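> In the numbering used here, the protein residues as written are 449 to 671. My questions all concern the structure below.
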């Protein structure tokens, strides 16, 4: 087995998307768990076992449904569909995931689905998402050198949602703004899982990538 990029195999690289700091309560949360049941990800885990993870599983692992976790899961699932042919089962050890922001929500998705741990700056605290532009990731299939970028299509994310969330966290939110925040929460958590990837994400091409790591301590899983 090749001895290149071993560190990336066992700890697929970064993370994408941050959780809401404290869930919204009410009927939105009560009805959210059913949304992900029809969207499983089948993966060959690092221990070689074939496992299946649903959005419901990820919500339980994270502690509650939330919009950034929902998007992370759907984006990862779409990336795997782009990088693997029908009938192929992705291998967790053959994947690296990079993102512009390290977030707790994304970490929980990747821990549950891939068994991945954050590989860079593990002692640091997660960073908050500030806009829909942060909701993107690049997934690389190491054995083929192919990668794909997945980011939300313009206008898909509820307008002003991050600003409203910040106002809520600062205790400055009005009742009308709270209604709009919850409406956006429901739109993502309950609505996005039922939409096609083509409606949610920019359809970027699969491309060959260059990736360099110190060879003395790294390698990838080519099985």
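Think of the CB as a built atom: it goes at the ideal place given N, C-alpha and C, for glycine as much as any other residue. Predicted model only: the values in this text are computed from it and were never measured.
Using a Cβ-Cβ cut-off of 6 Å (strictly less than) and excluding sequence neighbours within five positions of residue 580, which residues of its own chain qualify?
600, 605
> Report the rounded CA-to-CA distance for residue 657 versus residue 529, giving the unit in angstroms.
18 Å
> Taking the beta strand (DSSP E) that residue 643 belongs to, which residues open and close that run?
Neither: residue 643 is in no beta strand (DSSP E) and is coded neither H nor E.
> Under 7 Å, do residue 534 and residue 597 count as touching if we go by C-beta distance?
no
> Identify whether residue 493 lies in helix, strand or coil by the three-state DSSP scheme.
Of the three classes helix, strand and coil, the one that applies to residue 493 here is coil, per DSSP.
> Excluding the five sequence neighbours on either side, which residues of its own chain have a C-beta within less than 6 Å of the C-beta of residue 538, listed in chain order?
491, 528, 532
> If you draw a straight line from the C-alpha of residue 619 to the C-alpha of residue 610, how long is it?
14 Å
> On the three-pair Cβ rule with 8 Å, is the region 540–551 touching the region 578–595?
yes
> Would you call the region 613–628 in contact with the region 553–566, where contact means no fewer than 3 C-beta pairs closer than 8 Å?
No, the region 613–628 is not in contact with the region 553–566.
> Mind checking which residues open and close the alpha helix (DSSP H) that includes residue 557?
DSSP places residue 557 in the uninterrupted alpha helix (DSSP H) bounded by 552–562.
> With DSSP run on the structure shown, which of helix, strand or coil describes residue 573?
The answer is coil: DSSP assigns residue 573 none of H, G, I, E or B.
> So, under 8 Å CB-CB, residue 501 and residue 488 are touching, yes? Tell me the CB distance rounded to an integer number of Å.
7 Å
> Between the alpha carbons of residue 625 and residue 582, how many angstroms are there, rounded?
22 Å
> Please classify residue 660 as buried or exposed, where buried requires at least 16 other C-beta atoms within 10 Å of its C-beta.
Per the 10 Å Cβ criterion, exposed.
> Whole angstroms are fine: how far does the CA of residue 585 sit from the CA of residue 499?
22 Å
> Starting from residue 611, follow the alpha helix (DSSP H) in both directions and report where the run begins and ends.
609–617
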